[in-house]
Each structure stands twice: as C-alpha cells, then as structure tokens.
Amino acid sequence: MKPAPFRYHAPKTIDEAVETLAQVAAEDGRVLAGGQSLVPIMAFRLARPGHLVDINGVAALRRLAVDGDRLSIGACVRHAAFHKPVVDGPLGRLLAAVVRHIAHYPIRTRGTFCGSVAHADPASEWCAVAAALDAEMVAKSATGTRSIAAQDFFRGIMTTALREDELLTEVRLPILPADTRFGFYEFNRRAGDFALAMALVTYRLQDGVISEPRVAVGGVEPQPRRIEQAERALAGRAPGRAAFEAAAAAVGAAVDPLDDATTSASYRRDLAQTVTRRALEQAAA
Amino acid sequence: MTSGNNKWIGQSVERLEDPPLVRGRGRFAADISFPHQLHMRIVRANHAHGRIAAIDTAAARALPGVVAVWSSADIADIPPVDFREGRIPALEPYRQPVLAADKVRYVGEPVAAIFAEDPYIAEDAADLVTLEIEELPILLDAEAEPGEFSAGRNTEVAVIQQGYGDVEAALRAAPMVVELELGIGRHSGVPLEARGAIGRYDASRDILELHGAAKVPHRNRDLLARMLKLTPSSIHVHESHVGGGFGIRGELYPEDVLVCVAAMRLGRPVKWIEDRREHLIAANHSRQQLHRIRAAVDGEGRILAIDDRYFHDQGAYVRTHAARVVHMTAGILPGPYRVPAYRAIGHFRLTNKTPAATYRAPGRYETTFVRERLVDAIAAKLGIDPNDVRRRNAIAPDEMPYHRPLEALGEEIEFDSGDYVGLLDKLLVALDWDKLKAGLARRRAAGEAVGAGFAMFVEKSGLGPADGVRIEVDTSGAVELITGGASLGQGFETVMAQVCAEILGIDYRRVRVTHGQTDRIAFGIGAHASRATVMTASATYNGAMKLRAKAIDMAAELMQAPIAALDIVEGKVVRKDQPLGPSISLGEIATHLAPTSKTLGEREPGLSAEGWFRVDHQVYPYGLHFAVVKVDRETGGVHVESYAIAYDIGRAINPALVKGQIVGGFAQGLGGALLEEFTYNERGDPLATTFADYLMPTARETPKVDVILREDYTSPLNPLGIKGAGESGITGVGAAIASAVDEAIGIPGAVTQLPVTPQRLKQILNGRAN
Amino acid sequence: MIEKRELTLIVNGRDYSVRVDPRRTLVDAIRDDCGQTGTHIGCEHGVCGACTVLIDGEPVRSCLMFAVQAEGCQIRTVEGLAKGDELHPLQQAFIENHGLQCGFCTPGFLMLATGVLEREPDISDEDLIDVLASNLCRCTGYENIVKAVRAAAAKMTAGR
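Protein chains in written order, with the working numbering: chain A, 59 to 343; chain B, 18 to 787; chain C, 3 to 162.
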C-alpha cells in the first residue's frame, strides 16, 4: 500500500507555505501536518495528491497561546500538547479530558489539532469541540486571510469551507468562564476507535438553573453541530434526570444520522441520546 | 533415563527463539532479499462475479521499471491450485486458477501479476491495468438457492452427511424437542505478518527455492512439484521466521505458485509481500456457517438425538483443504456428550466471497457454539442449570476409550481418555462457584446486567500418521535436531530442545533445532492441528533414546564399564556411582565414532540417530471455558470482566508456553465472539478491508485469563503422554460469551449469531422492550 | 519524473546516506535503505503499531511518515536497544515473562514501551494499559506483554 507519486515541498514560513499552495492547488496539492489521517488514505490511494506541502518546518505554526479571550492553536500544535491543561480553567481541563479519546498515544505525538479540523472526519473529537464552542478557523491564502465560524466551516463528510489554496493556520477557541461545567462522552467498539457517537456539553449555573447550554453531537451526522432543540430543553431548568432526558430526547428527534451497512441510522440515533445524557451526567457530577 | 525430577520436561524454561526476535534480528519473509530481485504485485478483481471480457496491460507494461505483466494466458500450462492431501476428482472443478481465466468470482481474486524493479513501481503499474468485466449475478448467502459456478455446475459443491441411529424415530417419540437456528460470522486468523513469498531459481544447481514458507513445507513442496511437473527433490522450501499462522498461512496460494514460476521464467528472484488490504480480501477466510439444529430430549435433559442441517459458506473456490472443515464439522459436533442417534447434513456451498479454509480449532469453534447453545436451550426449557445438563450427558471416564461412528480428519472418532465432569467440578471449585454465582445474582438485583456462561468441549490433536527426526552430535558436543516440523511462533524449537536435552543429559540451550527446511530432511508434516508437540516431540524422544543408547554403548567400551552402570550428566557420560569421576563427553564420543576412528569397530559411523513416531489415532484433550460479562443495556456494548479456561493437557513440556498458547487463542476467540467479521455489501464488495473495520482485540478489551492446567489424563498413545494445546484457548469462547450475555440481559437464547456486536445486541434488547 | 532526494538519516546514532523518492515511507527507508529490518510492517495504515520507532524520543508510526521528513531527527529502532551483549531491561523482561510468541509485533511494543517509560517512568497501571492498547498482537493475548513492561519499568526505576 504505497502512496502514488507526489512532489514534496517544505516551506519555512507561512508566506512560503501559502505561495506554494497557490501554485500547486490546481494539481491537487495538499497540506501535510501530522499525516496521521492523510497518509493512511494516501496509502489506500483514495487520495493521490500531486503535491504535498509539509508545514512541519514552519516554526510560527507551532504557536499555542492565549490572545485576550481566545486560545490560539497553531496548525502544527500536536494532540499530545493538550494532555496537560494548556490554560487554567475549564477550557484547559475540557481539552485534556477530550484528548485522551483521540486514537492512541503514538498518533497523538504527530497528529495535529488543526489537521483534524481540516480533515473533518465526522467522528473527529476536535471537530465536535470546535462546533460546540463556536470556534473561529483562520484560513490564509496568497490572496489574504479570513475567519470562518465553525457553523459555516463544516460542510459534510470530510468537507469544509476551506478553498484548495487555503491553509488553516490556526483555530481559536473561547476561554470559557471559570464556572463553566462540561462533560464529554463517546461510544466506540474499542478504545481509540472512531466513535460511533459522541457528545460534548457545557453549561453554567445561574440561581441553580442551567444557563448558556451548549450541546454538540459528533459522529452521528456528516458533520458535528450544536443541537439547539437540546439546548432549549436545558435552558432555565435545574440539572438532573428530567432535564437531561429531555435534552437527550431532543437530540434523538433532531439528528439525521448517517446510515451504512455496518451501523444503522436507528442505532446511531439511540446512541446519540445515550451519549448526550451521559455527557450531561458527567457535567453535573 | 535420568532419575529423579525432570530437569527440562515440565519446566517453563526461557525460549530459544527469543534472543534474535527481541533484538529485531528475525528473518521474516519481507526481511529476505536477493540481488537483482523483482517485486511482484497482484492485480485483483474489483467485481464479485463476472466474465472477463478484456484485460488491458499495455499501459502497465510501458511503465519504466516494469519487466513483465502476466495474465492467465501467460501461464496457461499451470494447473489450478490443487488439494494438499492429493487428488479429489469430485472437487477438482472447483479449484482456484492461479490467475483468473474466464471469470472472476470474488473481489480480491488474482487476475494479473506485475513484475517490476521496485514495489512502488509495481503498485503504480497495477493501477494501470484495466479490466473489462461483464457482471454476473452475485451470490452472498450459502443458504440461498445455489447459483451457477460454471457451465453445468452449480455452487453446491457437495452435501456431507454423517450419522448413526434412527434420528427420525427419536424425534417422533421425544418428550421434548429443542430447535435452534445459529450462525457464526465470517472471520479468520489475520496474523500480524501478512503473507509473503520469494521464489528463486538457482540455475547453477537446477534447484527452485521458495522462501517464506510456513506450516507444511514438505506438503507444499510436493504439491508444487505436482503442479509444476518438477521432481520434489529439485524444490527446496525454506521457512524462516513466521509472524503467526493460525491455520491461514502456509497453505499453498496462487501467489506462492506465481513467484516460483516467475523466478524460473524471468530468470531473477521474485519477491512478493502482501499488504494488509490484500490480506483481508485474499488470504483464507473461515468460520461462517449457519446451523439448524434439533434435539430430542427427555424430561431430565438427556439428549436422545441430534439432527443438524448446516450451510458452510466456502467462498468462491475450494482451496487446498478441500472439504476438511465442512466434513469435520459433522464429525465433531456431538463433542463430550452421549448422543444415541445423530444426523448431520452439511451443504458445502460456494459464494462470491474470499475462499475459506481452516482457522484455529476449525469446525470446533463453530460446533462448540452450536452444541453449547443447545445445552443452554435445554436447560432453559427445563428450568435447570446448564451444568446439570452437561453432567447428565457427558461421557464418563469408565466409558473410555469411547468410540463414535463418525469421522474427523480421516479417522473414526475415539476419545482416548478423560474425565469431563471431573474437570467441570475442578473448575467450579477453582471459581468458588457458589459464592461467585450469588455475587452475580446480587449485582443483577441491584440493576447491573451481568451474567456468567460455561462451555465444555473436546479438542483434537496429535494428527499422525508419522513424523521423524534426525539428531546429530558434532565433535564439539553441539547437538542439531533436524525436524520436518514448522514454527509459527509457538515455541516449537524450545519444546523439542527440552525433550531432546532431557534424554541426552545436556543443557537444552545446546540443542539447535532445525525446521521448515525441506532440503535437510526428506519428510515432514509441519505444524498444524495441534500436532507438533505430540508427533515431533515423540519422534524426538525416540530418536534421542536411540542416540543416547549409541553414546553409552561407545562409552561403555571406552570406559570399560557395563552399560547399566552409566548415565549422561551435563553432556558427559559418567558412572552412576561416581558422578564426579572419570567421564567422557558427547563430543569425544562423536570423535570416536568418526568414520576413520580406530575405536569405531563395527558400529555405524557418527553420533547420530533417526527417530520415528507412528500413531494411527489422534488424541482428544478436553476443556471448559467460563466467562463473566457485563452488558451496557443502552449501547449494547459487552465487557468481559473475567475469564477462566480449564484444560487437561495430559502433560505439559513447558507450562508457560502452553498457557501462552491458551491465552493467545482466547484473545482470538474473543475477537470472533464480539468484534471480528468480514461483511459484504449487496454488490459483494468486502467492507472489512482495513484494521479500522476489521476489529481485533487490544490490551484494553482482553481480560486476564485464569488458566487451570491439569495433567490428570496423560495420553496413552505417545511415550511422553502429551496432548496438544494450540487450539484449546479459542474453542469455547463464542459459546461461553454467548451464554454469559444471555444471562446478563435475562433473555435465554438471545444470542444466536456471532459476533455479538453492540448493534445486534441493542436490536435484541429493543425487540424485547417492544 | 520526480527526482529522488539525497538525505542523511540518523538511526541509532549512526548516519545513513540514502537516496529516496519523496513518497518513500520512513519505515521502508529504515528497512531497505538503511538495512535495519527489525522494524516491521503490519498494516501500513497506522493502526497496528508494528512499525513504531522513536523520533526524538517520541513513539511514532514510521509507516505514516515519509523518509524526507525525518532528516535531522534522532531515529531509534529496536536494533539500538541493546548495548552489545547487554540487553535492554525491556528486552530481558519480554524474554523472562514469555512476552512474545511469533515476535512480529515485538519491536513495535519494545519501542512504544521504551518511549513511554523514558518519559513517564511512574506511569499508572491504568495509563499503561491505555498505551499498550495502541499496538496489536495476535499471538499472546497481551497479558504477558503487560507483565513484561511492568517488570521492566520497576527495574528501570530502581536502576536510576
């Protein structure tokens, strides 16, 4: 399972990277960061990029820092960076809790947060995080820079709003308020496998009732998204069995699950409800 | 014979195989390279069934670095891959051609072969070959009406029947009839090393070499000789390191034939290394059967008759094993129970899937699932404990040897020895069963979906009819034990060395064990069917005894001592009453036995001996499996909390290695019970073509196994009393886990299909809820 | 025609000059261009872990990297674990605990464990199982591999 031939570029700066992309995009030029998702599909020859633009040498893309009220995650920041909280407060803890579910240890030493977002596998944990927290994706090309909101970014199975000549240079996540509660739950056949369903929830408590709920479901539909019906079912209610079951039921009713020969839509729908409820129970614990 | 405790036999000594392997100095097929070698890449069918209208190889040929591209026309003189045991005319029309000629019958079937300077280029060239296929109807269900295989031939290859007694009468008269429909999913051994073969023709000696062989090197040599019309002695098959076999590796496949033919015709060594996707669609599949079983039972759960009709999904062709698995299934199903009347009818059917053959405990994993589900069903219907059903039906020790007029592997079944109920009792004691059972009931009352299940089975091992070794001691005292055996990673060398060293009175580390080299010994049956320890170790024992006698005879003359007064200790012959006195080493004895030696006398030159072991009966070790599972009712997920295996091995030469085999087999059985399945869409496209789809257990999913190894009943059929163990860890896993899941969810007979996937289990639970 | 590239790979502290296509995977370069065949290929799509090596101390699946990406990195493979005749504690522990049968997955497990234990010598039992669940073994059922790694971890901690 050897990849098809490609030309290899190793830019040293962001500008060089996007210039190169501009030149090679038309010949199916792709960005190589961690390679943990791209190289396998090249091995199967499902992808045959004519060019690889290896950004691992661009020091500026390794940046991981707090900019005001945002955490900026550069394109070359590895999954492993998040094992220990990268910022004080709930966001750091949330990312550390989620990262443990991503594949396996050796994948996490190379794979990147942004790479996962750009690859947009429906079962990607970071995509679910990006959707849940309304992340901002920063895309740069030879002709300029733009910011894409999460809800506009994910367009379908392995499909994003990125143009072929654009490089996702960073993803910006909101620093969550210190009293934010969160829960994450995913179900898979074996530890480290692609999840069949996952839910990420966050909320705050105001006078004992839920405020600012976020409920995002991943692995169930072609792309992850916040489920407003579930959030409405939670807002203003006391956390507990009744509210959580209502939210889970709302998720079950709202999703249009993927259906394939191995996993049926109705089973995924069942799972979507279960993972939602369990994520909420975790948040409340 | 050394008196007192055995020094090596029965000891869990460290393996001789390990030092090179932990250093990364193993020599697996992909590690073998020859100068000027070509790399072969197979072009495989992408359609499950169709007529080949055209194959266009022009673009592939034109690619720089490509030396040749073959399709079936280029090897028209090469016959289809034949059967291992010899000619079986009735099955011959269903053999697989080395390269597809007029039709393709499964996705993955070899259609063309590329020979190139480099494997990357070979794969590029394979992409450039275009196939024009006229699609034909696709058959994916062995139970459906047979379709057309070829003109005038349909896809039901044969109908197997075995039985005795009047089943119909028993069913008519029975107080109770239990009826089940049970399926085992398609899965297979999937070793971590994919297949590989290197063909090399040494023109200077007119010898064809096949490297990367495994399991049955001599058989494969003979089969190749027949197919290629060469003399067996002009083919040398070489086995080096093998990354697991499990029954899958080592059969002769089309690719093995191709590297040999290509090496001869292209005049360069030809190396073929399979990739993982290829392995999952082209190496032997196994296990898929559907059984419709009925049992006549009396009011106390005694089986009066079994009537089983089953459908064996063979895939697209009949491969080297012919009808071995489908036939054995009928013979082995009754297992450890008395079945007064029996009929098994097996439909040996072809489908448009990867061909199937043997996988560890072939026929036994499947039939143990079926038979033990039956035991559970009888127990549920009568409201009694399944183990009471087992007690009432199990053959007793005083009925041994127990003859059954059924056949498996060419022999009538005769259980040699054993106490099945006795082993069950020992297992229950080891589990502290009453306490465990009460504990699970308490947990269920508190709302947990937990349950336990058992499975009882008889295994088979020690398939003869004969094996032989040659042992040679050189003038330094180093010993070489040359066998026709094979090593797949199970510790074969260590076990043979232990036996040899015990008899010769030397350190086992001084024994070099040679295997898998057909040019070093003329005959061998390799390693499969849990036979190596029984057959090759017994031959080693016999050979070592002869060599020992030779050494002592020479020493007796040199030391002027009676033979009976001598012993061999640490490689030196000494007087038993003066162990620290005068001695003569084996190396010195070898020198005295040299052809030119003055002390040789009338003796045969050389300190060497051949040893043979013949047996006309397999041995039948037996065991029990026990599982505790916890079910997540919301997701359908199954977690195996604990597992125990009780097994009577007769005698364990190296207990650690036996346990290793059992635990390894268990992990595979676990995969078959919960995770592994080769599935297809309606177009016959295989869906499990990567390790992300074909799921095998990791350290996370595999619980510790409590192995209770017993040596209660040594086999009367060989000098060391051993029975094999290679397959016992896997046999009962499907059955035990199914039983435990039923109890956990409180639905008797819920599990009728393996693997128990979360989705399937959730469907069962939802169905019950509605 | 895509040109081959000349690079130097540093494997177990030794320089190897190789000339490779950009698409040549690191595992193929280690095995065939540097002649170190101890690192094995089990799946070539990053799941089984048989190809695990250490890149600057981190366990990495060498089938998912290209050789051209590894220039300047310290690559460690199973061949570099022993010091002459003296086996690494992990190698010794695998032998003593019957942690291998066919040996095909063993180099990958050894390098995975080496990388993890060097970074996190006091890793918890729970986390260790998670890490060892990264790689596949088809022969042993894992029990003895876990035992071997634990035994080696204890020795390596004691030795410091």
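A virtual CB, placed ideally from N, CA and C, is assigned to each residue, including glycine.
For clarity, every value in this text was computed on a predicted model and none was experimentally measured.
Excluding the 5 residues flanking it on each side, B/G82 has same chain C-beta neighbours closer than 7 Å at A133, E134, D135 and I138, in chain order. The beta carbon of B/R61 is closer than 8 Å to those of V124, G125, E126, P127, V128, E295, I298 and A299 in its chain, skipping five residues each way along the sequence.
In this structure, the beta-carbon distance from B/E658 to B/V648 does not fall below 8 Å.
Considering only beta carbons, the part of the stretch 135 to 147 of chain C lying closer than 9 Å to chain B consists of A135, S136, N137, L138, C139, R140, C141, T142, G143, Y144, E145, N146 and I147, in chain order. Take A/I72, set aside five residues on each side of it, and the residues of its chain with a beta-carbon closer than 8 Å to its own are V116, A118, L119, K198, L225 and T227, in chain order.
With fewer than 16 neighbouring CB atoms inside 10 Å of its own CB, C/P123 falls in the exposed class. Judged by their CB atoms, A/R290 and A/V313 are not nearer to each other than the 8 Å cut-off. Within the model, the alpha-carbon separation for B/G604 versus B/L610 is close to 10 Å.
Minimum Cα-Cα distance from B/S89 among the listed residues B/A175, B/L283 and B/Q113 corresponds to B/Q113. A Cβ of chain C is located within less than 8 Å of the beta carbon of A/Q94. In the three-state reduction of the DSSP assignment, A/T260 falls in the strand class. With distances taken between CA atoms, B/D144 lies nearest to A/L104 out of A/L104, A/E77, A/H67 and A/Q94. When beta bridges are read from the DSSP output, B/Q770 appears opposite B/G200. Rounded to whole angstroms, the separation of the alpha carbons of B/K443 and B/R460 is 25 Å.
The DSSP-derived three-state label of B/Q595 is strand. The DSSP-derived three-state label of B/N171 is strand. A/P148 carries a helical assignment under DSSP once its states are collapsed to helix, strand and coil.
For C/Q71, the neighbours in chain A by C-beta distance under 7 Å run, in chain order, D112 and N114.
Just measuring C-alpha positions, the residue of B/V39, B/A573, B/A107 and B/M57 sitting nearest C/E88 is B/V39.
Of all residues in the stretch 262 to 293 of chain B, only D292 and R293 place a beta-carbon less than 9 Å from a beta-carbon of chain A.
DSSP, reduced to helix, strand and coil, places B/I747 within a helical segment of the structure shown. Look at the stretch 208 to 232 of chain B: the residues with a C-beta under 7 Å from a C-beta of chain C are P208, L209 and E210.
For C/L114, the chain A residues whose Cβ falls inside 7 Å of its Cβ are P164, in order along the chain. Counting the other Cβ atoms within 10 Å of the Cβ of A/G294 gives fewer than 16, which makes it exposed.
In the structure shown, B/H344 adopts helical secondary structure according to DSSP, grouped into three states. Closest in C-alpha terms to B/A187, from the list B/T172, B/L321, B/I252 and B/T500, comes B/L321. With respect to chain C, the C-beta atom of A/Y325 has no partner C-beta closer than 8 Å. Nearest to A/Q94 by alpha-carbon distance, out of A/V333, A/G173 and A/D317, is A/G173. Look at C/V49 here: in three-state DSSP terms it is coil, with no helix or strand label. Residues H53, Q54 and L55 of the same chain have their beta carbon placed closer than 7 Å to that of B/R285, with the five preceding and five following residues left out of the count.
With contacts defined by Cβ atoms closer than 8 Å, B/L367 and B/P271 do not form a contacting pair. With a cutoff of 8 Å on beta-carbon distance, C/N137 and C/G59 are scored as not near each other. With its beta carbon less than 8 Å from one in chain B, A/T320 belongs to the interface. Listed in chain order, the positions of the stretch 640 to 666 of chain B with a beta carbon within less than 9 Å of a beta carbon of chain A are D649, E651, T652, G653 and G654.
A/V97 has its alpha-carbon roughly 49 Å from the corresponding atom of B/V486. Annotation: B/T248 is outside any beta strand (DSSP E) and is labelled neither H nor E by DSSP.
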